[in-house]
Each structure stands twice: as structure tokens, then as C-alpha cells.
Amino acid sequence: MSTGEDARIDRLRAVRLFSGMSDEHLAAILGIATEVAVPAGRTIARQGDVANGLFLIETGTVRVVRDGRTIATLGPGEWFGELAVLDRGLRTASVIADRPSTCLAIASWDAERLLSTEPGIALALLRTLAARLRELTEDHRH
1 MSTGEDARID RLRAVRLFSG MSDEHLAAIL GIATEVAVPA GRTIARQGDV ANGLFLIETG
61 TVRVVRDGRT IATLGPGEWF GELAVLDRGL RTASVIADRP STCLAIASWD AERLLSTEPG
121 IALALLRTLA ARLRELTEDH RH
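Under our numbering, the sequence shown has 51 at position 51, and the numbering climbs by one with no breaks.
Structure, rendered in C-alpha cells:
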């Protein structure tokens, strides 16, 4: 691996979604990811649209808006669209760049192909998503 690729793998490993994966798995993910520059004010995902992938924020900040109300602000190391990788359903919220941002985008169809050939990646991703769901469930007990 080149020094540049090592640095990208290290940055990816620092993201909770990918933290339990090997260097080989992280390199495979980088192999299907595309870096996307997003200007401030641009809508990256629109609520109600068919979801087409996962986005990892590298720089900048984005606002998550559901039914016209901001529900979260996300920054470097955070992600959105993970459900799209699993079900290709409709977007549950819009995501708008607050500042110029750079994201790694992973198309659902590329992720699906990778997950079907690399069960270790699928298992690590499912564990992370299950932990995130557990945290949300525990935070919102009745």
C-alpha cells in the first residue's frame, strides 16, 4: 500500500462505522467509494427520494432535515444513508451541506456487491449498526 492509501485507511478506521474492519476490508471499501465535493447549500439527499447510497463526511458539516425541521448536524467522521445500503428504501430525511463539504459516497449497488462477496465486512457493518440502534433505543425509553 502507498503512504496515501495508508492515510486514507487510517482515516476510515477512525470512523465508528468501519472501526472493526481489517486493512484489506477498508481498502476494498475505498475501492468502491467516490470522493464528492459538495458546495454550501447543496442538497445531498432529499427526503422521500429513493435512497442510492451511503455518505461519509470527510470535511465540512451537513444538516439533517426531516419534515422541514433540522434534527441533526453532522461533521467529519459521521455518516448518513446507511439504511440505503441495506434496503434501498426511501430517504427518511433530507441532508443539506451547511458549509463546503467533502464526502466519500458509496453507491448501494456497489456496497451490495461488496457485502455479498466479503461477509467479514457485512458482519462488521451489521454489528456497528446494531450498536447504533441499541443506543438510540436505550436513549428513548418510555
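All C-beta atoms in this analysis are idealised placements derived from N, C-alpha and C, irrespective of residue type, glycine included.
For residue i, collect the residues of the same chain with a Cβ closer than 6 Å to its Cβ; drop the 5 residues on either side in sequence, then sort them by chain order.
i	result
Gly77	Val15
Arg66	Ala93
Gln47	Arg91, Ala93, Ser94
Thr128	Leu17
Glu138	none
Apply the 10 Å Cβ neighbour rule to residue i and answer buried if 16 or more other Cβ atoms are within range, or exposed otherwise.
i	result
Arg8	buried
Ile29	buried
Ile96	buried
Glu58	buried
Leu126	exposed
Thr70	exposed
Gly31	exposed
Glu5	exposed
Assuming contact is defined by CB atoms lying nearer than 8 Å, are residue i and residue j in contact in what I supplied?
i	j	result
Val62	Leu74	yes
Met21	Ala124	yes
Leu26	Arg42	no
Pro100	Gly60	yes
Please go through the same chain and pick out, in chain order, the residues whose beta-carbon is closer than 7 Å to the beta-carbon of residue i, but skip the five residues on each side of it.
i	result
Gly81	Ala45, Ala51, Gly53, Leu54, Phe55
Ala122	Leu115
Ala72	Val64
Excluding the 5 residues flanking residue i on each side, which residues of the same chain have their C-beta closer than 8 Å to its C-beta?
i	result
Ala33	Leu56, Leu104, Ala105, Ile106
Ser143	Past the edges of the chain, shown from 1 to 142, lies residue 143, and the structure says nothing about it.
Trp79	Val15, Leu17, Leu54, Phe55, Leu56, Ile57
Gly120	Met21, Ser22, His25
With a cut-off of 8 Å on the beta carbons, I'd call residue i and residue j a contact; round off their distance for me.
i	j	result
Thr102	Glu35	6 Å
Asp98	Ala37	Contact doesn't hold; Cβ gap of about 15 Å is too wide.
(message) Between the segment 12 to 24 and the segment 85 to 103, can you find at least three pairs of beta-carbon atoms closer than 8 Å?
(response) no
(message) Does the contact criterion of 3 or more C-beta pairs under 8 Å hold for the segment 107 to 115 versus the segment 73 to 87?
(response) yes
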